[in-house]
Amino acid sequence: MKSIFIFLLAFVTVTTFAQKDFQGKATYMSKTTMDMSNFGRGGRQMSEAQKKQIAERMKSMLEKTFILSFNKTASIYKEDAKLAAPTADGGRGFRFGGFAGGGTKYKNTKENVALESTELFGKKFLISDKMEQPKWELGSETKQIGNYTCFKATLIKDVDPLDFSNMRRRGNRNNDKDETKKDSTKVTKLSEEIEIPKQVEVTAWYTPQIPVSNGPAEYWGLPGLILEINSGRTTVLCTEIIINPAEKEDIEKPTKGKKITREEYNTTVKEKMEEMRERFSGGRNGGRRGGRF
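Letter by letter, the sequence shown follows residues -18 to -1, 1 to 275 in mature numbering (1 follows the signal peptide of the UniProt record, and there is no 0).
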């Protein structure tokens, strides 16, 4: 009887994912922690009450809910519109954490197309990303996430220069548990006191029970849907999966916005950040420097 049950379960699974109009919907909770131990100016440490107050104010930036709508080859990943808080610039603003932001990420693993539709200070952009096969190292370790058996995979990944979730004060490398040992010396200078690693180790947990090579944010390339990602101080965990939901999403390429590469977009954001820094600090131009895209 047990053998018959396993056979029937496998048959139902194969039949479900073989359907031409197959689609799935996965909800992910993203949470980023911050090292508050070195916050403060002029060497003066903040009190625990001050740290707690700042953490509460940043909670909406550090804790988010995302929806991944996917079929056998493509996906749309975006923040849950019902829970997303509006930003001052009407869009995503600056990212805090690799998975944050109000944009929409599109991936097509068959055509190797990765696009992100987003908005920065009222201007829409359509960002194209390189979609090279990730060099995952597959492991044999397993764990249960909900009703799914998941396998472990790891990856050494270049850090997005706009991802400030791993920033730290200089001189504290030995105390940072999240820093990858394989690249302990390479850093990107943000200021005289702050740095972020250029690379980070990513741990993924995927389930072959959902045989689609997809996952949250930019992650893909495993023999099953990725249900959990741990990258630096950010954890993204799947909390709900619906196979063939009643209301299906149109999984199509975004088309609106100025077409731009990821490198060009990062340069644009850095320039805008520098303009804002000069404006608020009373730079050489008296804070009246005009910004443009």
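Positions of the beta carbon are idealized from the N, C-alpha and C atoms, including for glycine.
Own chain, CB closer than 8 angstroms to residue i, minus 5 neighbours either side, in chain order
i, result
"TRP118", "ALA135, THR136, LEU137, ALA186, GLY203, LEU204"
"ILE242", "PHE107, LEU108, ILE109, SER110, THR250"
"TYR201", "PRO116, VAL184, ALA186, ILE208, ILE211"
"GLU231", "GLN5, LYS7, SER51, ILE58"
"TYR188", "CYS132, PHE133, ALA135, GLY197, LEU204, PRO205, GLY206, LEU207, ILE208, LEU209"
C-alpha gap between residue i and residue j, whole angstroms
i, j, result
"THR217", "VAL184", "10 angstroms"
"GLU38", "SER99", "29 angstroms"
"LYS252", "PRO179", "17 angstroms"
"ASN94", "ALA199", "15 angstroms"
"THR131", "PRO193", "12 angstroms"
"GLU260", "ASN248", "18 angstroms"
"THR14", "TYR88", "23 angstroms"
"LYS238", "LYS60", "16 angstroms"
"LEU102", "MET258", "13 angstroms"
"LYS34", "VAL141", "27 angstroms"
"LEU44", "GLY206", "27 angstroms"
"ASP62", "SER213", "21 angstroms"
"GLU229", "ASN129", "23 angstroms"
"ILE127", "PRO143", "31 angstroms"
"LYS2", "GLU256", "49 angstroms"
"PHE30", "GLU246", "Residue identity check: residue 30 is Glu in the sequence provided, not Phe. For GLU30 and GLU246, the distance between alpha carbons rounds to 40 angstroms."
"PHE48", "GLN32", "30 angstroms"
"GLY24", "SER195", "Reliability of the predicted coordinates at GLY24 is poor, the pLDDT of 49 falling under 50, and the value obtained from them is presented with this limitation in mind. Their Cα atoms are separated by approximately 48 angstroms."
Extent of the continuous beta strand (DSSP E) run through residue i
i, result
"SER263", "Careful: SER263 lies outside any beta strand (DSSP E), inside the alpha helix (DSSP H) at 244 to 263."
"TYR130", "130 to 140"
"THR124", "119 to 127"
"GLU210", "207 to 213"
Contacting residues, own chain, Cβ-Cβ under 6 angstroms from residue i (five flanking each side not counted)
i, result
"LEU120", "ALA135"
"CYS220", "ALA8, TYR10, LEU209"
"GLU123", "LYS134"
"GLU222", "THR9"
Counterpart residues of residue i in DSSP-defined beta bridges
i, result
"VAL95", "ASN90"
"LYS6", "Correcting the residue type first, residue 6 is Gly in the shown sequence and not Lys. BP columns for GLY6 point to PHE52, ILE225."
"residue 276", "Since the first and last residues shown for the chain are -18 and 275, residue 276 lies out of range."
"LYS241", "LEU108"
"VAL184", "LEU137, SER213"
"LYS60", "ILE49, THR86"
"LEU219", "MET11, GLU210"
Cβ-based neighbour list, residue i, same chain, cut-off 7 angstroms, excluding 5 preceding and 5 following
i, result
"GLN115", "GLY203"
"LYS125", "CYS132, TRP187"
Beta-carbon spacing of residue i, residue j below 8 angstroms
i, j, result
"THR55", "THR91", "yes"
"LEU97", "LYS235", "yes"
"PRO190", "GLN5", "no"
"LYS105", "LYS240", "yes"
"SER12", "LYS64", "no"
"ASN53", "ILE233", "yes"
"MET16", "ARG215", "yes"
"LYS139", "GLN181", "yes"
Closer than 8 angstroms to chain D by CB, residue i
i, result
"LEU102", "No chain D is part of this structure, which consists of one protein chain only."
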